[in-house]
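By my numbering, the letter at position 176 of the sequence shown is numbered 203, and the numbering carries on one by one without gaps. Glycine included, every Cβ here is placed at the ideal spot set by N, Cα and C. These figures come from a predicted structure and were not determined experimentally.
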Amino acid sequence: MERFEPPDTTSQRQAFERDGFVLAHALITPDRVGSLHDRFERLFRGEFETGVSPDEVNWQEVDGDPTLTRQICNGWKADRLVAETVLSADLGRSIAELAGWPGARIIQDNLLWKPPGARSLGFHRDNAYLAWYTPRQMLTCWIALDDTTAEGGTVEFTVGSHRWRTGNDPSTHFHAPDDHRAPVVSAATAAGLEPRFHHVEASAGGGSFHHGWLWHGSGPNRSDRHRRALVLHCASSEARFDRSGFGQGNGSIYARYARLTDDVMDENHFPILWRTDGYRTPGI
Ligand SMILES: O=C(O)CCC(=O)C(=O)O
28 MERFEPPDTT
38 SQRQAFERDG
48 FVLAHALITP
58 DRVGSLHDRF
68 ERLFRGEFET
78 GVSPDEVNWQ
88 EVDGDPTLTR
98 QICNGWKADR
108 LVAETVLSAD
118 LGRSIAELAG
128 WPGARIIQDN
138 LLWKPPGARS
148 LGFHRDNAYL
158 AWYTPRQMLT
168 CWIALDDTTA
178 EGGTVEFTVG
188 SHRWRTGNDP
198 STHFHAPDDH
208 RAPVVSAATA
218 AGLEPRFHHV
228 EASAGGGSFH
238 HGWLWHGSGP
248 NRSDRHRRAL
258 VLHCASSEAR
268 FDRSGFGQGN
278 GSIYARYARL
288 TDDVMDENHF
298 PILWRTDGYR
308 TPGI
């Protein structure tokens with residue numbers, strides 16, 4: 028994995044604490060961006076290099092609605108280049124350091140492909156879906172695989188909203204809601220706040236890191252260019268299952284990896300990318 032500029036300066040950490048996100052340049056090289064485009068083609072055609080299916084396949088070429096944003100979660104289990112990218116020790120280290128964790132483990136990757144004309148993704152907060160593990164925290168690295176613009180439906184962050192009241196937000200409509208910002212506008216109104224939005228306009232290979240309680244989503248692609256992103260969602264390396272939350276959020280999908288006799292998160296499914304003591308899950 029090539030080196031990138033990690034967001035490790037004091038001013039970037041302060042910006043992350045204040046705004047709930049930081050922007051990043053050159054997370055991956057242009058060569059890798061091109062190769063990942065090929066892998067996206069294959070995965071959305073149902074070609075799984077390892078012979079293992081991703082955990083969630085929400086769009087396939089054969090029958091997918093062309094107006095929806097295409098989505099696959101945990102493509103790393105199906106494709107070795109996606110795995111090499113999202114299981115990077117450098118990305119894991121940046122995430123752990125921004126979050127103040129002793130290490131980072133992957134919970135989920137997310138392959139998103141919004142072709143010209145495709146509809147929005149509703150605003151949501153990642154942590155709201157995560158009552159099934161503890162500590163209930165996520166920090167995400169979002170990697171643009173195309174040059175992104177507001178018109179092209181890039182991801183939008185609500186500045187500072189990770190500091191708003193937290194809890195089980197009412198479930199939001201993720202795929203193609205009529206008004207993608209409606210949930211955050213109503214949360215802001217309830218709190219007497221005025222939401223301020225930032226569009227991540229990145230060059231392919233760049234992107235951002237965002238906090239698990241930050242409200243975010245994205246509008247329709249009104250441009251004539253594809254908008255693809257590879258997303259890495261991590262938790263603390265110390266995270267354990269919380270059985271009281273198994274029926275909530277996306278627990279019904281991911282709690283299937285819980286063991287019968289303890290709450291340990293199996294590293295075969297949630298590998299540790301980087302830890303302060305130098306540990307990294309063997310075999311990844
Ligand atoms: O790329 C998008 O539009 C949304 C991405 C997202 O929800 C995330 O990175 O957590």
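Among the candidates the options, whose CA atom is the shortest distance from the CA of residue i?
i	options	result
S147	L114, Y306, H243, F48	H243
D304	G61, I55, A131, G246	A131
I134	H226, R302, P298	P298
W128	W191, W301, H226, H200	W301
F67	Q39, N154, R254	R254
R120	H151, L54, R283, Q275	L54
R97	S80, K104, F71	F71
V109	I170, S38, R152, I122	I170
P204	F224, T94, V79	T94
Y160	T308, Y281, P309	Y281
E178	D153, A209, P210, H226	H226
S264	D289, E294, G272	E294
G180	S250, G278, H64	S250
V79	D90, W86, P309, K104	K104
S235	P309, S38, V182, A266	V182
D153	G272, P309, L241, S230	L241
A266	L118, S38, H64, A123	A123
Can you give the beta carbon distance from residue i to residue j, rounded, assuming they're within the 8 Å contact cut?
i	j	result
E228	T175	6 Å
G187	R45	7 Å
H151	F184	Wrong, their Cβ atoms sit about 12 Å apart, outside the cutoff.
A262	M165	6 Å
N248	P81	In fact, because the Cβ distance is near 23 Å, the residues do not count as touching under 8 Å.
A116	R307	6 Å
Do residue i and residue j have their C-beta atoms within less than 8 Å of each other?
i	j	result
G246	H207	yes
L257	L172	yes
I311	L114	yes
T112	G232	no
A155	R192	no
E221	A215	yes
D136	N101	yes
H296	F48	no
E74	I99	no
G239	A158	no
Less than 8 Å between CB atoms is the rule here; does residue i satisfy it with respect to chain B?
i	result
S115	No chain B is part of this structure, which consists of one protein chain only.
Near residue i, what residues of its chain come up, given a Cβ to Cβ distance below 6 Å and the 5 sequence neighbours on each side ignored?
i	result
E29	A caution first: E29 carries a pLDDT of 46, below 50, which makes its placement in the model too unreliable to give a value.
F43	V49, L125
N85	Q98
R190	none
Taking buried to mean at least 16 other C-beta atoms within 10 Å of its own C-beta, is residue i buried or exposed?
i	result
T36	exposed
E88	exposed
R163	buried
L287	exposed
T77	exposed
V60	buried
G149	buried
D92	exposed
V291	exposed
G274	exposed
D90	exposed
P210	buried
Might you give, ordered along the chain, the residues of its own chain that have their beta carbon closer than 7 Å to the beta carbon of residue i, omitting 5 neighbours on each side?
i	result
A285	F268
S62	L108
V212	P222
P309	none
Quick one: what's got a C-beta closer than 8 Å to residue i's C-beta in the same chain, skipping five residues either side?
i	result
D106	R66, R69, L70, F75, E76, T77
H64	L172, R255
S279	F273
S271	A158
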